[in-house]
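Anchor point for the sequence shown: position 149 equals 260 in this note's numbering, and the numbering is continuous, going up by one each time. Positions of the beta carbon are idealized from the N, C-alpha and C atoms, including for glycine.
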Amino acid sequence: MSIEKIRPVFGGLYVDRNHSFFVVDFYNDRVLKYDDWNNPQPRVVAGGRNWYYPVNAPNQLHGPHSVFVDEIRDNAMYIGDRNNHRIQKWIQGESFGTTILSNASLPFLPAQFYPLYVQIDENGMIYVPYWSGILRASLLDLKWFVIVGGIERSWELEYTASKLEDPGYFVFDSNFDLFVNELGKDSIWKFSFNASSC
Numbered sequence: 112m113s114i115e116k117i118r119p120v121f122g123g124l125y126v127d128r129n130h131s132f133f134v135v136d137f138y139n140d141r142v143l144k145y146d147d148w149n150n151p152q153p154r155v156v157a158g159g160r161n162w163y164y165p166v167n168a169p170n171q172l173h174g175p176h177s178v179f180v181d182e183i184r185d186n187a188m189y190i191g192d193r194n195n196h197r198i199q200k201w202i203q204g205e206s207f208g209t210t211i212l213s214n215a216s217l218p219f220l221p222a223q224f225y226p227l228y229v230q231i232d233e234n235g236m237i238y239v240p241y242w243s244g245i246l247r248a249s250l251l252d253l254k255w256f257v258i259v260g261g262i263e264r265s266w267e268l269e270y271t272a273s274k275l276e277d278p279g280y281f282v283f284d285s286n287f288d289l290f291v292n293e294l295g296k297d298s299i300w301k302f303s304f305n306a307s308s309c
């Protein structure tokens, strides 16, 4: 397998504390792991086309877009499986993943839910952008809440914001303020943390 055949995408790289790095190969429907910077031969650690299975089978990915490795807990990979409209939890060494978020688990998500990014903080909270906001859940119970944006006014928002248009990459600073790259409007937003809602 040569590196020229790999087609990485935005958000599709993760480097762990052992200096192994994970690359999302969007066009080949897989995640690759390089155990050594000097070794050009990666291993397929998630997905990989197998035409005997439907593209949305638990052992398949379809246009994955991002990967995050939870190094604090179990080294599981969390994969934004974009064209399958789901987030997959994939234990390293396993041959299949488990869906932890899809439009089936949250009815207000559109059928065409294209997760571009996934992030986990040190407290075990997972964050995922969707078409008009950012979702958060604890890895312990996977009860999802909108924390910014969205049109679901029944949810208690931790950040004051109007609807976002295709949020993509986002980061938190040391004050827990949130910075969001809003792809649909070519803008970057800062949302100040509202401690009173916690």
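- If we ignore side chains and look at the alpha-carbon of each, how far apart do Phe-304 and Ser-285 end up? Spanning the two alpha carbons is a distance of roughly 11 Å.
- Item | Ile-211, enclosing beta strand (DSSP E) - first and last residue | Per DSSP, the continuous beta strand (DSSP E) segment holding Ile-211 begins and ends at 209-213.
- Task: Could you work out which residue in Asp-232, Val-282, Gly-123 is closest to Ser-177 when comparing CA atoms only?
- Result: Check the Cα spacing between Ser-177 and each of Asp-232, Val-282, Gly-123: the tightest is with Gly-123.
- Message: Which of the three DSSP states is assigned to Phe-290 in this structure?
- Response: It is a strand residue.
- Query: What are the start and end residues of each continuous alpha helix (DSSP H) run of 4 or more residues lying completely inside the region 162-239, in chain order?
  - Reply: Entirely contained in the region 162-239, not one alpha helix (DSSP H) run reaches 4 residues.
- Task: State the CB to CB distance for the pair Val-140 and Pro-175, rounded to an integer number of angstroms; the pair is presumed to be in contact (CB under 8 Å).
- Result: Looking at the sequence provided, one finds Asp at residue 140 rather than Val. Taking C-beta atoms under 8 Å as the contact rule, Asp-140 and Pro-175 qualify, at a distance of about 7 Å.
- Task: Inspect the beta-carbon positions of Gly-143 and Arg-160 and report whether they are closer than 9 Å.
- Result: For clarity, residue 143 is Leu in the given sequence; the question names Gly instead. No. Outside cutoff.
- Query: Between the Cα of Asn-150 and the Cα atoms of Pro-165, Asn-167, Phe-132, which residue gives the shortest distance?
  - Reply: It is Phe-132.
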